[in-house]
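Chemist:
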Amino acid sequence: MSKILGPGPKPMCVSTRMNPNNREQVDNWISNFIVYGFVQTSQKTIVNKTITYNADDVIGFLDRMELLDGDDTQPVLTALKNAQQTFPEMKSHGIVLVLTDSPASDATPWSHRFTDKNAEQSCIQLSLLWRSKLTFLLSLPNGTDFSSNGVDVYRRISMTNHGDTFFILNATELKEILLKVIGFQYFSENLAVGYGQTEKKQISVTVDEEGEETVFYLITFYPSDGLLTVSKN
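In the working numbering, the protein residues as written are -18 to 214.
Right, here's the structure in full:
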């Protein structure tokens, strides 16, 4: 039985590698999967890590996973940093998915000074170094203060590498996001990115080869903001 977290962070890194074959086509773009489980209790810290090279093994690992009770808040940023320091398996241009039901206990107030050397800045530096894209999938308890640094830090980090933050209501919604959002954007190139839009905005994108590329629009919003109106001209 794989014993990893609950509550706590569950980072998964998908390391990518592009391999042109003899037909000048690209295949085998996934180099490996790194699943890093982490939970901290008042007595000890438990880490469970697996590295595999196919998706079936990842599913098998998750099927056998046993959730353990931990502290109400977890050092999610530390776990995220450690997950991306799995050498030599970690590769550049990785897709990093962070699943957690905890605010980050190691978050600090936002600061633009890298001399502070806090956990948030370490995560940002690593994501820029690896050129990885971070996506946070959050299922936070009722009563969580979404404006606190422990939650807002996820938004701040994801903005630095054009990632995103999703607030998950249930398992069905998580499945929909993984299949219909992450599944379509696993190796995407960002043509236009905007955050914190509060007014009407027109978005125009230009593709290199018209007719041969597909452009997806990903729009996320806080539930308290209500539904958005999107028009196609």
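Ideal placement from N, C-alpha and C gives every residue a C-beta, glycine not left out.
Counting along the chain, where does the alpha helix (DSSP H) carrying residue 41 start and finish?
Modeler: Within the sequence shown, numbered from 1, the residue matching residue 41 stands at position 60. Start and end: 36 to 44.
Chemist: Less than 9 Å between the beta carbons of residue 39 and residue 61, yes or no?
Modeler: To locate residue 39, count along the sequence shown from 1; it is residue 58. To locate residue 61, count along the sequence shown from 1; it is residue 80. Cβ atoms of residue 39 and residue 61: not closer than 9 Å.
Chemist: What residue does the beta strand (DSSP E) around residue 114 start on, and which one ends it?
Modeler: By one-based count along the sequence shown, residue 114 stands at place 133. Taken as a continuous stretch (DSSP letters only), the beta strand (DSSP E) holding residue 114 covers 114 to 119.
Chemist: Using the three-state DSSP reduction, which class does residue 123 fall into: helix, strand or coil?
Modeler: In the sequence shown, counting from the first residue as 1, residue 123 sits at position 142. Residue 123 falls in the coil class under three-state DSSP.
Chemist: The beta strand (DSSP E) that contains residue 184, what's its start and end?
Modeler: Stepping through the sequence shown from its first residue, residue 184 is reached at position 203. Neither: residue 184 is in no beta strand (DSSP E) and is coded neither H nor E.
Chemist: Roughly how many angstroms lie between the CA atoms of residue 24 and residue 113, to the nearest whole one?
Modeler: Here residue 24 corresponds to residue number 43 of the sequence shown, with the count starting at 1. Here residue 113 corresponds to residue number 132 of the sequence shown, with the count starting at 1. So the two alpha carbons sit approximately 33 Å from each other.
Chemist: Using the rule of at least 16 other Cβ atoms within 10 Å of the residue's Cβ for burial, across every protein chain shown, is residue 83 buried or exposed?
Modeler: On the sequence shown, position 102 is the one that residue 83 refers to. Label assigned to residue 83: buried.
Chemist: DSSP has residue 81 in a bridge; who is on the other side?
Modeler: Position 100 of the sequence shown holds residue 81. DSSP output for residue 81 lists 119 as bridge partner(s).
Chemist: Answer yes or no: do residue 41 and residue 29 have a C-beta to C-beta separation smaller than 9 Å?
Modeler: Sequence index remark: in the sequence shown, residue 41 carries index 60 (1-based). Sequence index remark: in the sequence shown, residue 29 carries index 48 (1-based). No; because the gap between Cβ atoms is not below 9 Å, this pair is not in contact.
Chemist: Between the C-alpha atoms of residue 50 and residue 181, what's the straight-line distance to the nearest angstrom?
Modeler: Position 69 of the sequence shown, counted from the first residue, corresponds to residue 50. Position 200 of the sequence shown, counted from the first residue, corresponds to residue 181. Looking at the two C-alpha atoms, the distance is approximately 45 Å.
Chemist: Grouping DSSP H, G and I as helix and E and B as strand, with all else coil, what is residue 141?
Modeler: By one-based count along the sequence shown, residue 141 stands at place 160. Residue state, collapsed to three classes: helix.
Chemist: Please report the distance separating the alpha-carbon of residue 21 from that of residue 86.
Modeler: The sequence position of residue 21 within the sequence shown is 40, counting from 1. The sequence position of residue 86 within the sequence shown is 105, counting from 1. Computed Cα separation, rounded: 11 Å.
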